[in-house]
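What follows is a short report on a single structure.
In our numbering, the protein residues as written are -13 to 303.
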């Protein structure tokens, strides 16, 4: 029942994300009064919409995807974004509830919303942060697809949320002893995650381990993307993608960032080839890379362990 309520609330938030993404223009602030102010209206006839025309998903279906005033066909973006937002609000808490993070020989399970070791506030905070992260993922994907730009404010917000996660994670295990595998403790690879062995043992065993881990992931991602931008002279990807991968490094840490980048490149390559074959894009055309990074991050969050486990089993490792 709780997840149904969260899903419905997510639909309403998705409607708000639609307003921001459709009204946003490059150079504007995301929360500019011109963007979030004023009543919603038809993009064609500009007729202001009544409350019953603004019910997420339902209004779109009842009106058969058209404006009831002028008959203009409405974009599928409206119900798709609303549904994705609903799934974010329901699936992210569900996944965190059922995901087990390995802590040495102790399996830490986020069992429910009320108890997380002895610090329920941190569990709620981390769940809320991950929901916000995925909402920003959704918003930046829409904007990047529409305008081929990732607003700095979104990348900065993601980086800040990543820093908060790094601070909050150790609080989950404050009563447990620190151990050399701490850098992999909150990895979505579970026990497949490897610590940064090139660091001195005194640092690996310290409470700074997770900070160094996530900072290393951010710098590694930015170094790889920076090299690609330099070699391609900015044609392969933009600075927004570089900033985004840095934020993802802060959020996910090492080695998860490697899977995110690998999946983004693989999926991006497949989509690009399909577009070329179907002649929807030419070789010189740019394809926004931000959404592919978001897809890679989402797959790592929800299926990271299954992917890496399947990979090793496939090769008998």
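From the three backbone atoms N, C-alpha and C, an ideal C-beta is built for every residue, glycine too.
None of these values were measured; they are calculated from a predicted model.
The count of Cβ pairs closer than 8 Å, one atom from the segment 209 to 221 and one from the segment 123 to 132, stays below three, leaving the stretches out of contact. One Cα belongs to residue 144, the other to residue 173, and the distance between them is close to 18 Å.
Going by beta carbons, residue 261 and residue 270 fall outside the 7 Å limit. Within the same chain, Cβ atoms closer than 7 Å to the Cβ of residue 70 are found at 0 and 124, the five residues on either side in sequence being excluded. Runs of the beta strand (DSSP E) spanning 3 or more residues and lying entirely within the segment 31 to 97 occur at 86 to 89 and 92 to 95, in chain order. Inter-residue distance for residue 223 and residue 199 is about 25 Å (C-alpha atoms, whole angstroms).
The beta carbons of residue 235 and residue 206 sit about 7 Å from each other, so the pair counts as a contact at 8 Å. Rounded to whole angstroms, residue 43 and residue 64 show a C-alpha spacing of 7 Å. At a Cβ-Cβ threshold of 7 Å, residue 151 and residue 75 do not count as neighbours. Annotated as distal: residue 230 and residue 285, with beta-carbon spacing of 7 Å or more. In the DSSP assignment, residue 27 forms a beta bridge with 34. In the three-state DSSP reduction, residue 240 falls in the coil class, being neither helix nor strand.
Residue 12 sits exposed, since fewer than 16 C-beta atoms from the chains shown fall within 10 Å of its C-beta. C-alpha of residue 251 to C-alpha of residue 278: approximately 7 Å in a straight line. Under the three-state reduction of DSSP output, residue 302 falls in the coil class, being neither helix nor strand.
Taking a 10 Å sphere around the C-beta of residue 217, we find fewer than 16 other C-beta atoms and assign the residue as exposed. The C-beta separation of residue 242 from residue 276 comes to about 18 Å, leaving the pair out of contact by the 8 Å criterion. Take residue -3, set aside five residues on each side of it, and the residues of its chain with a beta-carbon closer than 8 Å to its own are 42, 43, 68, 69, 71 and 72, in chain order. Residue range 195 to 218 is occupied by the alpha helix (DSSP H) that includes residue 208. Close CB contacts of residue 27 within its chain, under the 7 Å cut and outside five residues either way in sequence, are with 33, 34 and 35 (chain order). Cβ-Cβ separation between residue 77 and residue 119: approximately 13 Å, too far for a contact (criterion under 8 Å). Counting C-beta atoms within 10 angstroms of its own C-beta, residue 29 has fewer than 16 neighbours from the protein chains shown and is therefore classed as exposed.
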